[in-house]
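Chains as they are written, first to last, in the working numbering: chain A, 928 to 1480; chain B, 214 to 971.
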């Protein structure tokens, strides 16, 4: 089996597996969010935190809950990171410096998991488990809860209530993330991922030198790292580390896991709005963009005109031989398409056009299929814009799922679309304009520009993967990226919940042959086109001076 | 009803120059170059930021133009001044589009103003309805000073001083000043034809009008305001689109501003490269940055957006429909349910004879002859149709009254509910010999029994005629009832024809018998079924409103192809139906003219009042049809849709254009630093300068090129949503991608020869 065939089998089997779980998993999630029953464990949690699970929240109340929860999470994680030295299981590591602690706290609470530190040489087991792993669960659950609130906005009729954030949050963790994680962690352990509380072991290498090896509760964190589209590695090498991702099949499983929730949520959306074809249309638009991204990343990695890639048959630099070029390219495309940001190869070493594809994947705004929850709401916002433009062209005030897309809805959707480019391009331009920050680049020329653009884009899209080659543990980068990540997460949440509130208030108009059908291939094409054109127009100049300048001859 | 012929009903105003148009209408399709010239001063006035701030996209362009002017003045080059000139032209072209659209309305407003001459009204003092006018005192009041509730007297030849209702008298009124229709109309007190409009002229008789308007708010005032766009407010959809355009503008502004540090950095990587007009050591020159911003932000739709809205209202005005707000026009495009009155909209105003069905063994020809005889003097449309039907189907010649000198015609009255003819006994052959039988001989209508005998024929409603037959000693054959019921059930109206024959002689015997039944039917207007099929494919449900019984209503509904009907409809039923539809989330449109329609007109999302209707109806609706043609509702819906489609199509076109502009400008800027980027120079443009200039020129010219489309509206063919979307995406999406590649290349071929452009 040659490299190309292996890559095709790897990607195709993933697509089949995702297709098989789309219906049952999506239906299950829809049931989770529509069920009236509370589990005993959930009731205990509600009593503990003093929440009445049967109240329905207005969008503003819902938003306050999200913001308050995120704020408390950032503070808690910040304090935990700062105080690490005085806590047990620290492996002797001290507290994190303020700038980096802020950056890390912001990063994990926003589901970004940008890491300006190396896990094995900075963090002990307690912080990894009680700090980072907990955020891996809750940040994913927050994203899904917001998406579900938006879905309710479409599904409900003349109400100002969008459900209860606390209930959605708890149910996501208890009924979806935890059960899968428990089983998945065991499977990963079976595949060779470590799960222990050993101290750092020093072993002698063959050549006589000694090496410190950190164990730890890796499998339990690894599983939610992928399932929750988080991406923050236990080790610096992330999924390229043999303790995190030992074999080809754990590699396959990790890619599957990080795509599973984002690709199944549209089914839950379709189910909850009472028309599963609508979910199919949304997932199709995601799939078209995702398949294109994976195909192009593979293509540029397997057939590039550089001297070395041509000589060895593919771009093997920075690639783990365990996974091969294609297993890495597909992982890289999936991790950038989903706002996960886990890596199993060095993106910095990718061919310039392969790197451009990874950048583009993120620039799409993490909608194909995007992060857990954030992917669905991002794609629905793009669909709202597509409906607006398309609906006008059939001569009606645009309607999506019976809801009119008028000034208020367009305002929220437009603000949502604006947020990411402002942050990504703003941070890039600022970094390139400041001589000090420019000096942090290891690369030079167009490649150096790509590194900065990648870092800014990754933070502004809550992805968290890095191009490397850029020293980001500086006060400026920690602060700017930390703020960028927080704004990139919370501002869209504000706009999405505002949109949900204004949709829910409307009366649902019945569909007729005069309304824009939003379940047909034509609409899928329109949504895909709008997503791509908006991104292309926004980022084309920056991409031209980065990867294109480097890659085109 | 002064119904005029339906004008230009072909699909959309793009119908072409061939369609006959009334002279008052401004030129629709092609853009008259003189129009552009005439509007230029107005366009220049609109350059003021005080007016331009309403259009954020064009305001950015103006700021860019001003900024580059300063830069060009500091460092003058041919290239810089060319860019400056074309940036100013871009703003000017946008203003021109708006000015041209407004200009067409102004012509109409001028015509209306002429009708608004200051008349002196004669206000009645101390007069109460019912008292003779002659005894009342009048005082002269200037028309603009009239208050609501004032009563004025208007004589033949005078202008009506303000909007109001006729409270006494009847007059013929020339309303051509507002409707463009020269035939006079009748206005009378009471009923649904009492409303008069200020500025129209009484041609005969005297009426007393109670003023219903407040000073300065007359119908003509509002009309002038509407066609001039003076108090034009952005419609909800325009607001939404403006938000989208503003956010796109911000994105592109950001993309360009953030490009500068990247450009400086990139340029520094290749210190050996000489500075060019597009990229120097300090980065991209301000002029080029401004040009790039203007090219990328959605100037095309930003420039044409308000012109599209004004032109949409204008298209309605050209069809003699006044929309009280742009919001109403947009709502018309969204309508889900159309309520249409049966009479006059779906069917011709009157019923026609369709069959003669004899009963009791009477010969069909005999029935036809009797029916025709009884209808000869019947001038109602139904009566005429019986005469015509007998002639065309049975070859019975229509006889004139002169040929039947012995005949006495009996007119229809509400009491007898029948009409007919009394014929004296047949004399010698050749009726002309009996010329001397004058009016004196004719007995009283109805019960005139002539001693000489003769024949009486009556036709009318079944109950009345059958009673008449029984009175005269006859009886109805058993099949009469069946035939009558059968016709009723099939949606027709039965008219029973009967005769009484009085034999001359000593016994003076008379025999009465029923001859048969005439079947009258509603005639559905030609082409209605196709119209309703179109509506259905557009997702619009049509409901017929009628006072008929459900059986009749069902038959006509099926024949016309409407989706549903409301039979025996009362105004309350209409209102309830509208509320029911709206509760299901639907938008409802209807027409109406009577005062009792007012609540329903107000409740409907689109209420079109007939100009012949009452003031109450006109107040309640949000549109007024000056032609009073209820079928026009369908056209109004189409115009509303066309307005939105034009906006959507040009937005798509505008955004799609940007792709080509990037392919022109990015290689022009950076190919010197990174030769690989020359790959993007698909158009093989001559030089960086010519590329940037060509993109700017294209961007400006495309506005001018699209003004006619914006004014006319894009082609609209009723059809289902998917087909329409596919077509418009192909034309304006793909077209928007391809056209600028061609356009910019062509402009580049020309500008490269300009002196000063390398």
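Ideal Cβ placement from N, Cα and C applies to all residues, glycine included.
Beta-carbon proximity list for residue i, same chain, < 8 Å, skipping 5 on both sides
{"i": "residue 996/A", "result": "1065, 1069, 1092, 1096"}
{"i": "residue 499/B", "result": "280, 281, 284"}
{"i": "residue 976/A", "result": "1093"}
{"i": "residue 1402/A", "result": "1026"}
{"i": "residue 435/B", "result": "535, 537"}
{"i": "residue 1168/A", "result": "1160, 1161, 1162"}
{"i": "residue 697/B", "result": "675, 707, 709, 730"}
Neighbourhood of residue i by C-beta distance below 7 Å, restricted to the same chain and skipping five residues each side
{"i": "residue 772/B", "result": "737"}
{"i": "residue 577/B", "result": "569, 571"}
{"i": "residue 924/A", "result": "In this structure chain A extends from 928 to 1480, so residue 924/A is not present and cannot be described."}
{"i": "residue 1227/A", "result": "1278, 1280, 1281, 1284"}
Supposed contact pair residue j and residue i - C-beta distance, whole angstroms, cut 8 Å
{"i": "residue 860/B", "j": "residue 1319/A", "result": "5 Å"}
{"i": "residue 753/B", "j": "residue 787/B", "result": "That pair is no contact at about 18 Å."}
{"i": "residue 878/B", "j": "residue 918/B", "result": "That belief does not hold up - the Cβ atoms of residue 878/B and residue 918/B are roughly 21 Å apart, past 8 Å."}
{"i": "residue 1310/A", "j": "residue 1454/A", "result": "5 Å"}
{"i": "residue 166/B", "j": "residue 300/B", "result": "There is no way to answer for residue 166/B, as the model of chain B reaches only from 214 to 971."}
{"i": "residue 1067/A", "j": "residue 1007/A", "result": "Not quite, the Cβ-Cβ distance comes to about 19 Å (not below 8 Å), so this is no contact."}
{"i": "residue 1336/A", "j": "residue 1429/A", "result": "6 Å"}
Bridge partner(s) assigned by DSSP for residue i
{"i": "residue 625/B", "result": "According to DSSP, which records beta bridges pairwise, residue 625/B is partnered with nothing at all."}
{"i": "residue 353/B", "result": "335/B"}
{"i": "residue 737/B", "result": "560/B"}
{"i": "residue 1331/A", "result": "1326/A"}
{"i": "residue 854/B", "result": "In DSSP, residue 854/B forms no bridge with anything."}
{"i": "residue 732/B", "result": "568/B, 707/B"}
{"i": "residue 632/B", "result": "672/B"}
{"i": "residue 1131/A", "result": "1137/A"}
{"i": "residue 415/B", "result": "386/B"}
Same chain, Cβ closer than 6 Å to residue i, neighbours up to 5 away in sequence not counted
{"i": "residue 971/B", "result": "900, 902"}
{"i": "residue 946/B", "result": "865, 869"}
{"i": "residue 302/B", "result": "913"}
{"i": "residue 236/B", "result": "With a pLDDT of 34 at residue 236/B, under the threshold of 50, the modelled position of this residue cannot be trusted; read the value that follows with caution. So the list is empty, once near-sequence residues are dropped."}
{"i": "residue 969/B", "result": "291"}
{"i": "residue 926/B", "result": "855, 859"}
{"i": "residue 1364/A", "result": "1358, 1403"}
The ligand MN heavy atom lying under 6 Å from the CB of residue i
{"i": "residue 1297/A", "result": "Annotation note on the ligand MN: not contained in the displayed structure, which lists no ligands."}
Note down, in chain order, all residues in the stretch 852 to 866 of chain B with a beta-carbon under 7 Å from any beta-carbon belonging to chain A. With the criterion set as a beta carbon lying under 7 Å from some beta carbon of chain A, the members of the stretch 852 to 866 of chain B are 854, 855, 857, 858, 860, 861, 862, 864, 865, in sequence order.
Please confirm if the stretch 1300 to 1309 of chain A is in contact with the stretch 1275 to 1285 of chain A, defined as three or more CB-CB distances below 8 Å between the two stretches. No: fewer than three Cβ pairs fall under 8 Å.
Of all the residues that make up the stretch 1377 to 1392 of chain A, which are near chain B by a beta-carbon distance shorter than 7 Å? Within the stretch 1377 to 1392 of chain A, no residue places its CB atom closer than 7 Å to a CB of chain B.
Is there contact here, the stretch 283 to 299 of chain B with the stretch 954 to 963 of chain B, by at least three beta-carbon pairs under 8 Å? With a cut-off of 8 Å on Cβ pairs, the stretch 283 to 299 of chain B is not in contact with the stretch 954 to 963 of chain B, counting fewer than three such pairs.
Short of 7 Å Cβ to Cβ, which residues in the stretch 1409 to 1421 of chain A face chain B? Correct list: empty, as no residue qualifies.
Check whether the stretch 1104 to 1111 of chain A touches the stretch 1166 to 1175 of chain A, taking contact to mean three or more Cβ pairs, one atom from each stretch, closer than 8 Å. Output reads no: the stretch 1166 to 1175 of chain A does not touch the stretch 1104 to 1111 of chain A.
Determine, using beta-carbon pairs with one atom in the stretch 1251 to 1259 of chain A and one in the stretch 931 to 942 of chain A, whether at least three such pairs fall under 8 Å. Result yes; three or more Cβ-Cβ pairs closer than 8 Å.
So, do the stretch 1376 to 1395 of chain A and the stretch 1036 to 1055 of chain A have three or more beta carbon pairs nearer to each other than 8 Å? Yes, they touch.
At least three beta-carbon pairs within less than 8 Å, the stretch 1078 to 1088 of chain A to the stretch 1176 to 1185 of chain A: Using a C-beta cut-off of 8 Å, the stretch 1078 to 1088 of chain A makes no contact with the stretch 1176 to 1185 of chain A, since fewer than three inter-stretch Cβ pairs fall below that distance.
Taking Cβ-Cβ distances below 8 Å as the criterion, which residues of the stretch 473 to 506 of chain B are in contact with chain A? From the stretch 473 to 506 of chain B, only 473, 474, 475, 476, 477, 478, 479, 482 have a Cβ closer than 8 Å to chain A.
Pull out every residue of the stretch 541 to 572 of chain B whose Cβ sits closer than 7 Å to any Cβ of chain A, in chain order. Using a CB distance below 7 Å, the part of the stretch 541 to 572 of chain B facing chain A consists of 543, 546, 547, 549, ordered along the chain.
I want to know whether the stretch 1411 to 1423 of chain A touches the stretch 1342 to 1352 of chain A - three or more CB-CB distances under 8 Å. Taking 8 Å as the limit for Cβ pairs, the verdict is that the stretch 1342 to 1352 of chain A does touch the stretch 1411 to 1423 of chain A.
Contacting positions in the stretch 445 to 457 of chain B - beta carbon closer than 7 Å to chain C: Absent here is chain C; the protein component of the structure consists of chains A and B.
Between the stretch 802 to 812 of chain B and the stretch 834 to 852 of chain B, are three or more C-beta pairs nearer than 8 Å? Flag = yes, the stretch 802 to 812 of chain B and the stretch 834 to 852 of chain B touch.
Of all the residues that make up the stretch 923 to 946 of chain B, which are near chain A by a beta-carbon distance shorter than 8 Å? Correct list: 929, 933, 934, 935, 937, 938, 939, 941, 942, 945, 946.
When you check each C-beta in the stretch 1438 to 1455 of chain A against every C-beta of chain B, which residues fall closer than 9 Å? Residues are counted here when their Cβ sits less than 9 Å from a Cβ of chain B; for the stretch 1438 to 1455 of chain A these are 1438, 1439, 1440, 1441, 1442, 1443, 1444, 1447, 1449, 1450, 1452, 1453, given in chain order.
Closer than 8 Å between beta carbons: that is the criterion. Which residues of the stretch 746 to 759 of chain B meet it against chain A? Cβ contacts with chain A come from 749, 750, 751, 752, 753, 754.
Whether or not the stretch 977 to 995 of chain A and the stretch 1012 to 1019 of chain A are in contact is what I'm after, with contact meaning three or more pairs of Cβ atoms, one per stretch, closer than 8 Å; do they touch? With a cut-off of 8 Å, the stretch 977 to 995 of chain A and the stretch 1012 to 1019 of chain A do not count as touching, because too few Cβ pairs lie within range.
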